[in-house]
Amino acid sequence: MLAHIKITHFAIVKSLELDLTKGMTTITGETGAGKSIAIDALGLCLGDRAEASMVRQGEEKAEITVLFTLENNINAKRWLEDNELYDGNDCILRRVITKEGRSRGFINGSPVPAAQLKTLGHLLINIHGQHAHHELMKPEYQLNMLDQYAGHVSLLNKTRSRYQAWRQADNALKQMIKHSQQNEAQKQLIEYQIKELNELALGEEEFTQLEEDHKRLSNSGELVECSQQAISILYENDEVNALQLLQYANNHIQQLGQLDPQLAPLSEMLNEAMIQVEEANHEIKNYLDNIDVDPEQIAFVEERFSRVMSMAKKHHVLADELYEHHQQLLAEYDRLDCSDEKREQREQEVEELKQHFLEAAHKLTKSRQRYAKELNNKITDSMQTLSMEKAVFDIQIESDAHTKISPLGIDTLCFKVSTNPGQPLQPIAKVASGGELSRISLAIQVITAQKVDTPSLIFDEVDVGISGPTAAVVGKMLRTLGESTQVLCVTHLPQVAGCGHNQLFVAKHTKSGKTETQMRALNLEERVEELARLLGGTQITAHTLANAKELLNAA
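Numbered per the working numbering, the sequence shown spans residues 6 to 560.
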């Protein structure tokens, strides 16, 4: 429920602060006083477009703050929690507009884009504008209105998601065929490159091993010679070798150890060194015995290594990147390949997805037909109550699974009406006069509002073109709606204003050369005077005052 609104430096409002209550609240005032200004300001907190002209002349910025109590509004609470903006059962929306036209939005103190204000706003309040009857003639508006009344959100979501899945798959198929036709030459080149790489058949880690083998085998002679020299130096040279020299040194240290015990540990170190020399000599011998100097193996490795290097150069990649290059070519070829088998498989997938979409769309159509029938009866009854005694309302749904496909299904709607006996049903725009259109629009809005989950409803001069007994009926309809939902109604009709549980008065005055609009709540006596003004204009008589009291008593 909308509980509080504060407006500063907005248009002709210098400062305005209102507390709002449950039930039906009517807003009245003289023509041009700015009865709808609070609703315009509220629209900014609900994500409407901000403009520099909205800032009061001479001020730096305009600021609007509104407070909603969430209470039983489960959808709004869930949205706030999902977006990490929940802060208890009160929700504060704020919008600031600078004189340069820049704006900032806030939800519970956190900065947010206008799109988030708009999304949350749909869960908090529903505004029915005075030009809604113009929108009523648009097929897309009619479809949306029926869907809102039906409340089949899950069916809509399923239809929309299946439509998107089908269209994405269909577009992918078209792209595959298009690319196949355009890239045939590229495909042939890749096919040739893959063929020679397949013949090479290079393994994933093969080049690393091949490089090591090539380096070792191409230097096998030097490895043998150097290994033999190392063995001779360490152990096998008859004249002098490392082992003999260590033995000689150890003998001297042992003799010196008898003269100075501190040298004794050196002997152990030399013994360990001799052991290490013997082990090193043994390892080098084993290595020498295992050196492969097979000419055929050397020739094979040399030829394989040369082929890999040559192929890498041909493909303009490093040799150690040749395997990955091969895999990329295979993937690219697979992307470009549009064989008959693959094409048929994709076509079958697209057709299956289309059938899934049509299945959901047909269920949506049945739901629309069901609720359209229900809505037809209610709107017809309501129109007849609004002084259109013989009127008939009918929602006609045409379904076409071939040419009328969209994310919203396969249906097109047409709101038709017959306002006189014997007159055939025709589209609203062709048969309804201005006053009739206003009444039809109001009947539809009041009835559909009863099925909307938002806890607050605003009717902004939707009773234009209505007067007399019809106005009294409209007032009672809105008051009945206000028994279960918060209703704010901007009106110029005393019959409607008198039906409100509460009434606000808007006045405009000039001070120091500047125009200012103010709004305040009326007590019972003030309400009688305001209703009398609406009934009798500037001349308020005892008779108009008595009529005003009757209006309040009747409500």
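We put the CB at the ideal spot given by N, CA and C, even for glycine.
Identify whether residue i lies in helix, strand or coil by the three-state DSSP scheme.
i: C50; result: helix
i: R61; result: coil
i: L556; result: helix
i: G106; result: coil
i: C419; result: strand
i: C504; result: coil
i: G578; result: A question about residue 578 goes unanswered here, because the residues of the chain that appear run from 6 up to 560.
i: N131; result: strand
i: G518; result: coil
i: L250; result: helix
i: I42; result: helix
i: L23; result: strand
i: T36; result: coil
i: A368; result: In the sequence under discussion, the amino acid at residue 368 is Lys, which differs from the Ala named in the question. K368 falls in the helix class under three-state DSSP.
i: D468; result: coil
i: T124; result: helix
i: V282; result: helix
i: R163; result: Residue identity check: residue 163 is Lys in the sequence provided, not Arg. Here K163 sits in helix by DSSP.
i: T453; result: helix
i: V322; result: coil
i: E204; result: helix
i: M181; result: helix
i: Q374; result: helix
i: K11; result: strand
i: L527; result: coil
i: Q234; result: helix
i: K383; result: helix
i: S392; result: coil
Taking buried to mean at least 16 other C-beta atoms within 10 Å of its own C-beta, is residue i buried or exposed?
i: Q147; result: buried
i: Q450; result: buried
i: R484; result: buried
i: S41; result: buried
i: A366; result: buried
i: I176; result: It is Asn, not Ile, that sits at residue 176 in the sequence shown. Per the 10 Å Cβ criterion, exposed.
i: I79; result: exposed
i: Q428; result: exposed
i: R373; result: buried
i: G114; result: exposed
i: Q191; result: exposed
i: S58; result: exposed
i: S359; result: Correcting the residue type first, residue 359 is Lys in the shown sequence and not Ser. Result: buried.
Comparing the CB of residue i with every heavy atom of the ligand SAH, is any distance shorter than 7 Å?
i: K318; result: By its list of ligands, the structure shown contains no ligand whatsoever, and the ligand SAH lies outside what it can speak to.
To the nearest angstrom, report how far apart residue i and residue j are at their CA atoms.
i: K290; j: G262; result: 35 Å
i: S232; j: N246; result: 15 Å
i: A324; j: E210; result: 11 Å
i: Y253; j: L275; result: 10 Å
i: V101; j: V117; result: 12 Å
i: L557; j: A377; result: 36 Å
i: I545; j: G34; result: 15 Å
i: R172; j: E346; result: 21 Å
i: K409; j: D416; result: 7 Å
i: P270; j: Q281; result: 17 Å
i: V469; j: S443; result: 7 Å
i: L264; j: M279; result: 24 Å
i: E56; j: T453; result: 32 Å
i: P432; j: A155; result: 22 Å
i: I97; j: N131; result: 17 Å
i: T520; j: H514; result: 6 Å
i: E354; j: D339; result: 18 Å
i: V158; j: T549; result: 50 Å
i: I303; j: E216; result: 12 Å
i: G480; j: R351; result: 60 Å
i: H133; j: E349; result: 51 Å
i: F305; j: E284; result: 34 Å
i: T490; j: N425; result: 34 Å
i: P144; j: I195; result: 52 Å
i: N286; j: M314; result: 38 Å
i: D24; j: D45; result: 17 Å
i: D294; j: E241; result: 16 Å
i: H127; j: T459; result: 7 Å
i: R109; j: K66; result: 11 Å
Using 8 Å for Cβ pairs, my map puts residue i next to residue j. What's the rounded Cβ distance?
i: T475; j: L391; result: 5 Å
i: V422; j: I402; result: Wrong, their Cβ atoms sit about 16 Å apart, outside the cutoff.
i: D399; j: L430; result: 5 Å
i: I32; j: L21; result: Rounded, the Cβ-Cβ distance is 12 Å, inconsistent with contact.
Report task. Report yes or no: do three or more beta-carbon pairs, one from the segment 298–315 and one from the segment 162–171, lie closer than 8 Å? Result -> Cβ pair count under 8 Å is below three, so no.
Requested in this report: Report yes or no: do three or more beta-carbon pairs, one from the segment 196–214 and one from the segment 380–397, lie closer than 8 Å?
Outcome: Judged by pairs of C-beta atoms under 8 Å, the segment 196–214 does not touch the segment 380–397, as fewer than three such pairs exist.
Query raised in the report: Are three or more beta carbon pairs between the segment 44–61 and the segment 105–120 nearer than 8 Å?
Result: In this structure the segment 44–61 touches the segment 105–120; the number of beta carbon pairs closer than 8 Å is three or more.
Query raised in the report: Does the segment 493–512 come close enough to the segment 533–543 to have 3 or more Cβ pairs within less than 8 Å?
Result: Contact between the segment 493–512 and the segment 533–543 is present, because at least three Cβ pairs lie under 8 Å.
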